[in-house]
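Under my numbering, the residues of the sequence shown are numbered 35 to 517, in order.
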Amino acid sequence: MIPPVAMRRLGARALQRYGVSPLSQWRWASTGSSSEAADAFEKKFSRTITKVEHESPPGNLSKRSDHFVEGIMPFMVPTYVRPAPVMVRGSGCYLWDMENKQYLDFTAGIAVTSLGHSDTGLSEVISRQSEILIHASNLFHNKHTGKLSQALISTTLTSGAMRTATQAFICNSGTEANEAALKFARKVGHSLDTSGTKHEIVSFQGSFHGRTFGALSATPNPKYQAPFAPMVPGFKYGKYNDIDQLPTLITEKTCGVIVEPIQGEGGVNVASAEFLTALRARCDQVGAVLIFDEIQCGLSRTGSLWAHAHPSLRPKDGSKPAHPDILTTAKALGNGFPIGATIISSDTVGKYIKVGDHGTTFGGSPLASAVGNHVLTRLANKDLQDSVNSRSQTFIRGLKRLQEKYPDAVSEIRGRGLILGLQLTAPYVSKVADILGSARDKGLLIISAGEGCIRFVPPLVITDAEIEVGLGILEEAMSEVIN
Ligand code: PLP
Numbered sequence: 035m036i037p038p039v040a041m042r043r044l045g046a047r048a049l050q051r052y053g054v055s056p057l058s059q060w061r062w063a064s065t066g067s068s069s070e071a072a073d074a075f076e077k078k079f080s081r082t083i084t085k086v087e088h089e090s091p092p093g094n095l096s097k098r099s100d101h102f103v104e105g106i107m108p109f110m111v112p113t114y115v116r117p118a119p120v121m122v123r124g125s126g127c128y129l130w131d132m133e134n135k136q137y138l139d140f141t142a143g144i145a146v147t148s149l150g151h152s153d154t155g156l157s158e159v160i161s162r163q164s165e166i167l168i169h170a171s172n173l174f175h176n177k178h179t180g181k182l183s184q185a186l187i188s189t190t191l192t193s194g195a196m197r198t199a200t201q202a203f204i205c206n207s208g209t210e211a212n213e214a215a216l217k218f219a220r221k222v223g224h225s226l227d228t229s230g231t232k233h234e235i236v237s238f239q240g241s242f243h244g245r246t247f248g249a250l251s252a253t254p255n256p257k258y259q260a261p262f263a264p265m266v267p268g269f270k271y272g273k274y275n276d277i278d279q280l281p282t283l284i285t286e287k288t289c290g291v292i293v294e295p296i297q298g299e300g301g302v303n304v305a306s307a308e309f310l311t312a313l314r315a316r317c318d319q320v321g322a323v324l325i326f327d328e329i330q331c332g333l334s335r336t337g338s339l340w341a342h343a344h345p346s347l348r349p350k351d352g353s354k355p356a357h358p359d360i361l362t363t364a365k366a367l368g369n370g371f372p373i374g375a376t377i378i379s380s381d382t383v384g385k386y387i388k389v390g391d392h393g394t395t396f397g398g399s400p401l402a403s404a405v406g407n408h409v410l411t412r413l414a415n416k417d418l419q420d421s422v423n424s425r426s427q428t429f430i431r432g433l434k435r436l437q438e439k440y441p442d443a444v445s446e447i448r449g450r451g452l453i454l455g456l457q458l459t460a461p462y463v464s465k466v467a468d469i470l471g472s473a474r475d476k477g478l479l480i481i482s483a484g485e486g487c488i489r490f491v492p493p494l495v496i497t498d499a500e501i502e503v504g505l506g507i508l509e510e511a512m513s514e515v516i517n
């Protein structure tokens with residue numbers, strides 16, 4: 035997985051000492067890579083290898099991260115089960131750990147680093163803006179937040195994904211973007227019906243909307259909710275893609291409905307165009323706000339700026355895609371810098387929101403907004419979207435090959451663009467962790483989703499060659515675990 039030029043420079047023995055197998059070296063040599071990321075990598079890798087060679091005798095390398103982790107663990111609230119590697123740097127589609135082992139990253143930090151790791155353009159924006167102004171509080175306007183809000187509106191309108199997007203609230207994360215959306219829906223409900231009965235919020239099984247109390251209450255997964263019960267009152271849950279239930283699920287008491295057009299954490303489940311259209315129609319009937327959570331699936335990950343406007347999610351009769359009243363985004367908007375946004379329509383939402391209804395200390399800082407502006411411009415680019423569509427075909431072809439090779443183990447390939455899932459059959463669901471572990475040992479990072487689904491959300495700048503290399507490693511891992 036080392037670019038050929040860097041391989042020649044470093045030599046095979048040095049590469050093996052840093053955990054790069056002869057097989058993966060061969061793969062790189064045979065596939066090659068002309069990407070800028072590979073060039074950037076070559077520079078960084080050459081530089082760091084020299085440094086590490088001088089500082090750490092190879093025999094002690096694996097102990098370094100173990101000791102490091104042992105030292106820090108007692109001080110960290112145990113929120114995640116983390117595998118051994120300690121990640122220290124990244125470039126393009128690659129990460130390196132403390133032992134300088136290289137990983138091809140099919141996770142993009144969970145659908146975040148769409149432009150790749152350590153992107154030079156983004157570093158320049160962060161560096162420049164951090165020297166000018168990082169934070170001045172929301173008591174004042176700054177040059178970047180309004181511009182980002184305007185850019186979110188104009189790109190959304192141009193993409194045809196919302197009929198009346200007019201304003202944006204900029205915050206710091208996905209859960210906060212949803213929290214704002216849920217509060218806005220409640221405010222609309224209270225404004226339309228002052229008796230207070232129009233307060234119910236509907237969400238769907240398999241969804242993930244975040245970890246703060248409102249977003250968590252909309253995430254009907256006992257694993258996340260049970261330890262913190264009771265949830266916020268007034269939340270109801272329906273079955274994803276079930277149209278028949280809508281008349282009883284969504285009623286005059288409903289103020290808001292929140293749905294992921296493609297469920298990420300839930301197992302890369304794609305909403306049908308009919309379901310989204312039926313949700314829109316039922317929300318219109320009862321006067322409820324429709325919220326699309328595109329925190330994971332949006333910002334060109336499907337090849338369309340917003341997933342719900344992807345051609346395959348448009349109604350078959352050629353009519354317009356179902357439009358939300360509120361659209362939430364985060365993750366890729368900062369390419370790793372914390373930021374989120376809640377895009378609203380004035381007609382149905384904005385006119386009910388008054389000064390003081392909501393706020394944030396950090397959200398929409400000059401620095402975060404400058405980052406968001408830069409990232410959004412690049413992610414909304416047509417060439418990038420075309421390339422996502424083409425990379426997606428390469429990916430799906432490779433996944434189909436895996437399905438043909440393991441017909442008993444793989445039941446389905448789901449998703450759109452570069453948010454894809456490989457569903458394993460019931461007997462193999464318990465093997466997912468082993469497959470992920472084996473792939474990681476071989477230098478590929480992937481994550482799971484739902485029940486027995488292997489999820490692929492790589493950087494959108496990934497090349498065909500990198501996809502083939504990664505799927506080759508996955509095949510080895512599957513053959514090791516399954517056979
Ligand atoms: N909504 C969706 C669809 C997500 O995938 C996530 C995170 O995985 C969130 C909301 C929460 O985002 P954050 O972790 O930034 O709070």
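Don't be surprised by glycine CBs; every beta carbon is placed ideally from N, CA and C.
Item: F371 beta carbon less than 8 Å from that of A414; Value: no
Item: Beta strand (DSSP E) segment containing F269, residue limits; Value: 269-272
Item: Candidates K439, T394, G471, G477, of which the one nearest E210 by Cα; Value: T394
Item: Chain-order list of residues whose beta-carbon lies under 6 Å from that of Y462 (same chain, five-residue window excluded); Value: A443
Item: Continuous alpha helix (DSSP H) stretch holding I284: start and end; Value: Segment: none, I284 is in no alpha helix (DSSP H) and carries neither H nor E.
Item: Three CB pairs or more closer than 8 Å across the region 421-439 and the region 272-291; Value: no
Item: Contact test: R245 Cβ vs the ligand PLP heavy atom, cutoff 7 Å; Value: yes
Item: Buried/exposed call for M16, threshold 16 Cβ in 10 Å; Value: Nothing can be reported for residue 16, as the shown portion of the chain is limited to 35 through 517.
Item: For A305, the three-state DSSP class (helix, strand or coil); Value: coil
Item: Bounding residues of the alpha helix (DSSP H) (the contiguous stretch that carries Y258); Value: 256-259
Item: V463, DSSP secondary structure in three states; Value: helix
Item: Residue range of the unbroken beta strand (DSSP E) whose run includes F490; Value: 487-490
Item: The ligand PLP heavy atom lying under 7 Å from the CB of I329; Value: yes
Item: C-alpha distance - L573 paired with F429, whole-angstrom precision; Value: Outside the shown range of the chain, which is 35 to 517, sits residue 573, and nothing can be said about it.
Item: Simplified DSSP assignment, three categories, for H151; Value: strand
Item: Buried versus exposed, by CB contacts within 10 Å (16 or more), H101; Value: exposed
Item: Of the listed residues C289, T190, G240, nearest to N564 (C-alpha basis); Value: There is simply no residue 564 to check, as the chain begins at 35 and stops at 517 in what is shown.
Item: Cα-Cα separation between S353 and T311, rounded to whole angstroms; Value: 10 Å
Item: Beta-carbon contacts of V222 that lie in its chain and below 8 Å, excluding the five residues immediately before and after; Value: C289, G290, V323, T382, V383, Y386
Item: Rounded straight-line distance, which links the Cα of Q163 to that of V293; Value: 35 Å
Item: Three-state class that DSSP yields for F396 in the structure shown; Value: coil
Item: Close Cβ partners of V302 (< 7 Å) along its chain, the five nearest in sequence each way excluded; Value: I296, R448, G449, I453, L454, G455, A483, C487, R489
Item: Closest by C-alpha distance to S464, when choosing among A185, I516, I166; Value: I516
Item: At least 3 beta-carbon pairs within less than 8 Å: the region 407-424 vs the region 228-238; Value: no
Item: Reference G451; option with closest CA among I373, A343, A185; Value: A343
Item: DSSP-derived helix/strand/coil call for T363; Value: strand
Item: Local Cβ density within 10 Å of I496, reported as buried at 16 or more and exposed below that; Value: buried
Item: Where L347 falls: helix, strand or coil (DSSP); Value: helix
Item: Unbroken stretches of the beta strand (DSSP E), 3 residues or longer, contained in the region 369-394; Value: 374-379
Item: A214 - DSSP class collapsed to helix/strand/coil; Value: helix
Item: Residues near V34 in its chain [Cβ-Cβ closer than 8 Å; skip 5 each side]; Value: This structure cannot settle anything about residue 34, because the visible part of the chain is limited to 35 through 517.
Item: Simplified DSSP state of L410, which is helix, strand or coil; Value: helix
Item: Nearest candidate by alpha-carbon position, reference A520, set T336, P119, T113, R316; Value: Any answer about residue 520 is impossible in this case: the structure gives the chain only from 35 up to 517.
Item: Cβ-heavy atom distance, G398 to the ligand PLP, below 7 Å; Value: no
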